[in-house]
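What follows is a short report on a single structure.
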Amino acid sequence: MKKFLVLSLFLGLVGSVQALEKLDITTGAYIESENHNAVYNSSDVTVHGFRVNLNAKDFPLWTEFVYEYRNADSSSGHKGDADRYKVMLGSALKYGNFNFNPTYELRITDMRESSEKTTDHRFQPNWGYTFNDQWSLYNGWLFGYRQDDAYRGYSEVKSWDDYFHELETGVKYKFADSQAVSFSIYNEYVKSEKSDMQYRAHKFDDWQVRIAYEKKFDNGIAVSPFIRYSVSSKTENSNGVDTDHDGKGRYGVKMGYVADNGIGVYAETYYQNEPRENTPGPDSPDKNRVFFKLGLDYKF
């Protein structure tokens, strides 16, 4: 019996090693910081994240696991602190000039100081088409179902069913092998299930124009400045007040570097200004945000 157990353990280890040899494994850690002007500092958050990505070598399938600790450190205390877990499964397929990159993500956000929890099911049927060496079409689409365990006016947590989507369609033009510019239209829509304790359901609808420039240098560095501008953006709040955010702008840059030894470094920073015009009632102060992200990856 003892020999059988030893043999089983040995065969299991051999099988695990062979399975790992068929995977590209990437591990990483990152930190994010969102800081707002004083009126909105209750929205400040610092995120510490860790991820593991497993990419099959012999067939187009990958999976990724992410953990984030979201530290909402502000004058209101830490009531917004949360643990967030992400499990993603995706593929990358190519048929002639078409590419298809479907992804499913399970995202769970668990509040630390309350019984509230959000569970997202995110489906992304991303696809694109290459017209020639210079022009290509891309579609970054996300459809989401959210189960939100929240109070919404009740004295105890109840489960609510919400819907959201993010749809981006754009074109990319390559100047050369190392430069490109992209232009896209983006829509984000969120609708929360109405509670009997609320005047109406919460809805958010945002239409943006997005422009980005990409430059890759010979030393492995990539830089991409971008602009995102909301031509129409509106929130219908549960208390009956509508808030327009037309003219919301985000101006930033993404950077990355990949070394030959498998180490990768990436960063993103932006400034965002968001007008808040209320109907009815007086306007709220603009909401300004400064964002910074820094990450480090290692590919085995």
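Residues -19 to -1, 1 to 281, numbered by mature numbering (1 follows the signal peptide of the UniProt record, and there is no 0), are exactly what the sequence shown covers, in order.
A virtual CB, placed ideally from N, CA and C, is assigned to each residue, including glycine.
For P206, report the span of its beta strand (DSSP E) as first-last. By 1-based counting over the sequence shown, the position of residue 206 is 225. Counting along the chain, the beta strand (DSSP E) containing P206 begins and ends at I202 to E217.
Rounding to the nearest angstrom, what Cα-Cα distance links R191 and S163 in this structure? Taking the first residue of the sequence shown as 1, we reach residue 191 at position 210. Taking the first residue of the sequence shown as 1, we reach residue 163 at position 182. Between R191 and S163, the C-alpha separation is close to 8 Å.
E137 classed as buried or exposed, judged by whether at least 16 other C-beta atoms fall within 10 angstroms: Locating residue 137 in the sequence shown gives position 156, counting from the first residue. By the neighbour-count rule (16 or more Cβ atoms within 10 Å), E137 is not buried but exposed.
Please go through the same chain and pick out, in chain order, the residues whose beta-carbon is closer than 8 Å to the beta-carbon of D267, but skip the five residues on each side of it. Stepping through the sequence shown from its first residue, residue 267 is reached at position 286. Excluding sequence neighbours, D267 sits near N18, N254, E255, P256 and R257.
With a 10 Å radius around its C-beta and 16 neighbouring C-beta atoms as the bar for buried, classify D187 as buried or exposed. Working through the sequence shown from its first residue, we reach residue 187 at position 206. When all chains shown are included, D187 counts as buried.
Pick helix, strand or coil for V190, following the three-state DSSP scheme. On the sequence shown, residue 190 is found 209 positions in, with the first residue counted as 1. Note: V190 maps to strand in three-state DSSP.
Could you check what DSSP says for A73 in three-state terms: helix, strand or coil? As a first step, residue 73 is located in the sequence shown; it is residue number 92 there, counting from the start. Reduced to three states, the DSSP call for A73 is coil.
Own chain partners of G151 with C-beta closer than 6 Å, once the 5 adjacent residues on each side are dropped: Within the sequence shown, residue 151 is the residue found at index 170, counting from 1. These residues qualify, in order along the chain: Y119, S163, F164 and S165.
Buried or exposed for R209, going by 16 or more other Cβ atoms inside 10 Å? In the sequence shown, the residue the question calls residue 209 occupies position 228. Looking at its Cβ environment, which holds 16 or more other Cβ atoms inside 10 Å, R209 is buried.
Which residues in the same chain as K280 place their Cβ atom closer than 6 Å to its Cβ, once the five residues preceding and following it in sequence are excluded? As a position in the sequence shown, residue 280 is number 299, starting the count at 1. The residues are T7 and G243.
Between which residues of its own chain and A37 is the CB-CB distance below 7 Å, once the five residues before and five after are set aside? Translated into the one-based positions of the sequence shown, residue 37 becomes position 56. Here the set comprises K3, L4 and W43.
If you draw a straight line from the alpha carbon of M69 to that of G134, how long is it in whole angstroms? Here residue 69 corresponds to residue number 88 of the sequence shown, with the count starting at 1. Here residue 134 corresponds to residue number 153 of the sequence shown, with the count starting at 1. Using only the alpha carbons, I get a separation of about 33 Å.
With H, G and I counted as helix, E and B as strand and the rest as coil, what does DSSP make of L277? Stepping through the sequence shown from its first residue, residue 277 is reached at position 296. If DSSP states are grouped into helix, strand and coil, L277 belongs with the strands.
Whole-number beta carbon distance between Y154 and W116, since they are thought to touch under 8 Å: Walking along the sequence shown from the start, residue 116 turns up at place 135. Walking along the sequence shown from the start, residue 154 turns up at place 173. Indeed they touch by this definition, with Cβ atoms about 6 Å apart.
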